[in-house]
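Numbering (this note's numbering), first residue to last: 3 to 167.
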């Protein structure tokens with residue numbers, strides 16, 4: 003985006019079109035953030051997205067967590083998620099790695115009730131698998147909190163990407 007002034011001039015529909023997937027498939031967060039226009043800076047806009055997410059209930063957080071795709075397996079996903087997984091070479095997994103991801107995804111969801119979420123930026127498929135194997139042993143509360151931290155990291159990276167466009 004050119005500037006915060008241009009963001010402040012966006013219609014609600016345009017704002018949601020641009021910022022609606024900051025939190026995976028959760029454009030209702032962008033709708034709430036839109037109500038706070040005008041913003042003095044892009045930092046203020048980012049802070050409002052995070053503040054809005056943090057002020058939601060655990061039920062709403064779970065809804066967002068459930069919107070995230072499984073890692074390392076072929077499936078339908080948002081353009082943002084597909085790009086993020088591709089940059090981490092998750093599309094280049096061997097058959098063995100794909101099977102490992104499938105098993106871990108299944109076991110993780112059975113244990114925690116939501117998919118494994120990690121901000122994959124700067125990670126390759128080997129690091130992601132290693133982290134997956136470690137985190138699957140966490141307790142449900144700590145993993146729920148960790149998933150929320152990861153969701154916020156993903157959101158901030160998506161916001162920065164928009165800011166640079």
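Note that beta-carbon positions come from the ideal geometry of N, C-alpha and C, so glycine has one too.
Leaving aside the five residues that flank residue 132 on each side, none in its chain has a CB nearer than 8 Å to its CB. A distance of 8 Å or more separates the beta carbons of residue 39 and residue 32.
By the criterion of a C-beta distance shorter than 6 Å, residue 145 is surrounded in its chain by 114, once the five residues flanking it on both sides are discounted. If you draw a 10 Å sphere on the C-beta of residue 73, you find 16 or more other C-beta atoms in it, and that means buried. Judged by DSSP in its simplified three-state form, residue 113 adopts helix. Taking a cut-off of 8 Å on C-beta distances, the region 91 to 100 does not touch the region 54 to 64, as fewer than three cross pairs fall below it. The shortest C-alpha to C-alpha distance from residue 110 to any of 142, 165 and 19 is the one to 142.
In the structure shown, the three-state DSSP call for residue 98 is helix. Within a 10 Å sphere around the beta-carbon of residue 10 sit fewer than 16 other beta-carbons, which makes this residue exposed. By the 16-neighbour rule on beta-carbons within 10 angstroms, residue 7 is exposed. One thing to note: residue 54 has its Cβ no nearer than 8 Å to the Cβ of residue 27. With a 10 Å radius around the Cβ and a threshold of 16 neighbouring Cβ atoms, residue 106 comes out buried. In this structure, DSSP gives residue 93 a helical state, which the three-state scheme calls helix.
Boundaries of the alpha helix (DSSP H) harbouring residue 63: 60 to 68, taken from the DSSP string. The beta carbon of residue 117 lies closer than 8 Å to those of 67, 68, 70, 71, 72, 73, 107, 110 and 111 in the same chain, with the five residues before and after it left out.
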